[in-house]
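Count along the sequence shown from 1, then add 124; that gives the number in my numbering.
Each remark here refers to the structure printed beneath this line.
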Amino acid sequence: MTVLYQEYFGLKEPPFSIAPDPRYLFMSEQHREALAHLTFGIASDGGFILLTGDVGTGKTTVSRCLLDQISPDTHIAFVLNPRLSVEELLAVVCDELGIAYPEGNASNKIFIDRINDFLLAASAKGHKTVLIIEEAQNLSPDVLEQVRLLTNLETNQSKLLQIILLGQPELRDMLSSQLEQRITARFHLGPLSKKDVEDYVSHRLTIGGVDRQLFPASLMPILYQQSNGVPRLINLICDRSLLGAYVQGKDRVDKATLKKAAQEVFGREKEGNSRLKIAAWTAALLFLLVAVTAIAKFSYQSFSQPEPLPVREVQEKTQQGLPVVLQWPPEQSLGQSEVMAYQALFKLWGSSYKVVEKNAACRQAASEGIQCLEGLIDMKRLIELNRPSVLKLFDDKGNSFYALLKSVQGQRITLFLAGRDLLVDAKEIEKKWLGEYTLLWKVPSSWKGDIRPGETGRHLQWLAQLMAKKTGNNRFALKGTYDEEMVKEIKKFQLEEGLMPDGIVGVHTVIHLQSRHGDGEPLLSKVSEGS
125 MTVLYQEYFG LKEPPFSIAP DPRYLFMSEQ HREALAHLTF GIASDGGFIL LTGDVGTGKT
185 TVSRCLLDQI SPDTHIAFVL NPRLSVEELL AVVCDELGIA YPEGNASNKI FIDRINDFLL
245 AASAKGHKTV LIIEEAQNLS PDVLEQVRLL TNLETNQSKL LQIILLGQPE LRDMLSSQLE
305 QRITARFHLG PLSKKDVEDY VSHRLTIGGV DRQLFPASLM PILYQQSNGV PRLINLICDR
365 SLLGAYVQGK DRVDKATLKK AAQEVFGREK EGNSRLKIAA WTAALLFLLV AVTAIAKFSY
425 QSFSQPEPLP VREVQEKTQQ GLPVVLQWPP EQSLGQSEVM AYQALFKLWG SSYKVVEKNA
485 ACRQAASEGI QCLEGLIDMK RLIELNRPSV LKLFDDKGNS FYALLKSVQG QRITLFLAGR
545 DLLVDAKEIE KKWLGEYTLL WKVPSSWKGD IRPGETGRHL QWLAQLMAKK TGNNRFALKG
605 TYDEEMVKEI KKFQLEEGLM PDGIVGVHTV IHLQSRHGDG EPLLSKVSEG S
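Here it is as structure tokens:
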């Protein structure tokens, strides 16, 4: 539908995508000030730069705009998901900067020594190194302290590492006095003002390729009230409004359409008792019902019983990488990409994805004894989970589309995209991917959640049997308690797999155990059972 309303309104690209495209950054007075603070901080010699704001206020977009302006000699490391242990954080920093370290290393000293060597070499060449941590309010106290200690890496003349913390307002309350003293620039982004909202909408439409008024000025107070001036909510409401106007055959958005769009975004009517008049919406709703029914029928017929998917082997043309550009074919609707990716994923699990409604994949999986695991992750950790995963990607225009991460051989990844398999370099994927993924994993029988040392009960039976298989010792199969002996084996396994060796059997530990000792779950790459 996005492509259809683009064409209808004469747009070159979706103007209200929530992808953090620097071209769409609306420079309100506070955004200009935020960017100026960050630019000043980057020009200084190391330390911390702090940018806070509520969800959707534009922190990530401002940071991406900053990156467009800094020297190409600057090395950048991103931490997108900071819910990490100290060891995991240091490993991510090394991975992002291309720093080698011993496989399975759990020594902080080795990580820090390698990082220090890299920073010294970069500094000797006159290069800066910047670490950007998003959603930094999720950092644990010990990880936050390690982040502070990283700024101790220095020469006699200057700090070697600049750290940008992006986070929600509570991040400011988490910072210790020692860390506070090292902040060289800070800014808090608030919502847009009433006046800014109108300019913001106009700016995004202009970048999208339309200079006429699709949202009359009279609607701006309503849009401000519904969104509270939060850019991400403005984008969602405006996107739904344009879709509604298109479905109704209108040349611009009206008040009723805007309010209806806000209702759909929030899942409820925000203005309490105000109700839309039935007579005014009857024709539009009938039209919408017919359109949705037709589209659903088309989607079901097109996708519910797909032909066997052809596998196209793409030969490697150079030693350096594969010349594959990740782009959704322009002749196909972007709306098909998510369904096609989930169809391919469910097929790997021996099931057929039933296209009923949007976001139905996880509900269907649960009904089949499978669970979704989704969120943000870096490529290294995702590959370590060793499960085919649906990735949300973005093209050069900020359009989102979906692909299935199907298999992995070293740095060569097989992606299922638009009905065919492509062999792609991992680095090419990372250019188009912000870390959003969904994978499926098999739920053990009687699974109740994390298993902690000392637990007893029948729900441990699957773990006891799996441990017997892992160790070759049938004595484990008779255990009804997660005792010290089993905990010791699990900690050893976690350490081997690069997981936090805490002895807690959580989802990630279960997935790693199933990869080594499971019974036929789809994997990205085959692994030996080992010990």
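Just so it is clear, CB atoms sit at the ideal spot from N, CA and C, and this is done for glycine as well.
These numbers were taken from a predicted model, which means no experiment stands behind them.
Taking residue i as the reference, which of the options has the closest Cα?
{"i": "residue 525", "options": "539, 535, 532, 534", "result": "539"}
{"i": "residue 366", "options": "630, 535, 141", "result": "141"}
{"i": "residue 162", "options": "190, 147, 613", "result": "190"}
{"i": "residue 384", "options": "368, 331, 570", "result": "368"}
{"i": "residue 186", "options": "527, 498, 291, 252", "result": "291"}
{"i": "residue 459", "options": "516, 610, 488, 492", "result": "516"}
{"i": "residue 650", "options": "332, 510, 203", "result": "510"}
{"i": "residue 271", "options": "150, 549, 173, 148", "result": "173"}
{"i": "residue 341", "options": "360, 332, 318", "result": "318"}
{"i": "residue 598", "options": "144, 135, 588", "result": "588"}
{"i": "residue 306", "options": "287, 314, 324, 149", "result": "287"}
{"i": "residue 241", "options": "364, 506, 224", "result": "224"}
{"i": "residue 506", "options": "531, 523, 493, 454", "result": "531"}
{"i": "residue 165", "options": "227, 209, 146, 283", "result": "283"}
{"i": "residue 468", "options": "194, 579, 646, 362", "result": "646"}
{"i": "residue 334", "options": "149, 134, 289", "result": "134"}
{"i": "residue 499", "options": "147, 136, 130, 206", "result": "206"}
State the CB to CB distance for the pair residue i and residue j, rounded to an integer number of angstroms; the pair is presumed to be in contact (CB under 8 Å).
{"i": "residue 175", "j": "residue 311", "result": "6 Å"}
{"i": "residue 263", "j": "residue 275", "result": "Actually they do not touch by this definition, with Cβ atoms about 14 Å apart."}
{"i": "residue 200", "j": "residue 214", "result": "About 17 Å; that fails the 8 Å criterion."}
{"i": "residue 456", "j": "residue 527", "result": "Rounded, the Cβ-Cβ distance is 13 Å, inconsistent with contact."}
{"i": "residue 550", "j": "residue 503", "result": "6 Å"}
{"i": "residue 595", "j": "residue 613", "result": "6 Å"}
Is the beta carbon of residue i sitting closer than 9 Å to the one on residue j?
{"i": "residue 473", "j": "residue 461", "result": "no"}
{"i": "residue 636", "j": "residue 621", "result": "yes"}
{"i": "residue 273", "j": "residue 298", "result": "no"}
{"i": "residue 564", "j": "residue 575", "result": "no"}
{"i": "residue 514", "j": "residue 465", "result": "yes"}
{"i": "residue 626", "j": "residue 616", "result": "no"}
{"i": "residue 354", "j": "residue 178", "result": "yes"}
{"i": "residue 327", "j": "residue 202", "result": "no"}
Alpha carbon to alpha carbon, what distance is there between residue j and residue i?
{"i": "residue 232", "j": "residue 171", "result": "21 Å"}
{"i": "residue 496", "j": "residue 631", "result": "11 Å"}
{"i": "residue 216", "j": "residue 501", "result": "10 Å"}
{"i": "residue 490", "j": "residue 167", "result": "51 Å"}
{"i": "residue 386", "j": "residue 243", "result": "48 Å"}
{"i": "residue 561", "j": "residue 573", "result": "21 Å"}
{"i": "residue 347", "j": "residue 321", "result": "8 Å"}
{"i": "residue 343", "j": "residue 378", "result": "8 Å"}
{"i": "residue 138", "j": "residue 590", "result": "50 Å"}
{"i": "residue 196", "j": "residue 619", "result": "37 Å"}
{"i": "residue 152", "j": "residue 294", "result": "24 Å"}
{"i": "residue 266", "j": "residue 558", "result": "26 Å"}
{"i": "residue 487", "j": "residue 586", "result": "24 Å"}
{"i": "residue 332", "j": "residue 360", "result": "15 Å"}
{"i": "residue 638", "j": "residue 277", "result": "40 Å"}
{"i": "residue 132", "j": "residue 188", "result": "31 Å"}
{"i": "residue 628", "j": "residue 577", "result": "7 Å"}
{"i": "residue 83", "j": "residue 219", "result": "Lying outside 125 to 655, the shown extent of the chain, residue 83 is not represented and no answer is given."}
{"i": "residue 279", "j": "residue 221", "result": "20 Å"}
{"i": "residue 357", "j": "residue 245", "result": "44 Å"}
Kindly say whether residue i, judged by its beta-carbon, lies nearer than 9 Å to any beta-carbon of chain B.
{"i": "residue 337", "result": "Structure shown: chain B not included; a single protein chain is present."}
Check your understanding: Taking the runs of the alpha helix (DSSP H) that are 4 residues or longer, which of them lie wholly in the region 284 to 362?
Key -> Annotation note: the region 284 to 362 contains the following uninterrupted alpha helix (DSSP H) runs of length 4 or greater, listed N- to C-terminal: 295 to 298, 301 to 304, 318 to 332, 344 to 351.
Review point. Which runs of the alpha helix (DSSP H), 4 residues or longer, sit entirely within the region 141 to 180?
Key: DSSP runs (the alpha helix (DSSP H)) wholly in the region 141 to 180: 153 to 167.
Exercise for review: Only counting runs of 3 or more residues, tell me where the beta strand (DSSP E) segments fall wholly within the region 457 to 504, in order along the chain.
Suggested key: You should have 494 to 500.
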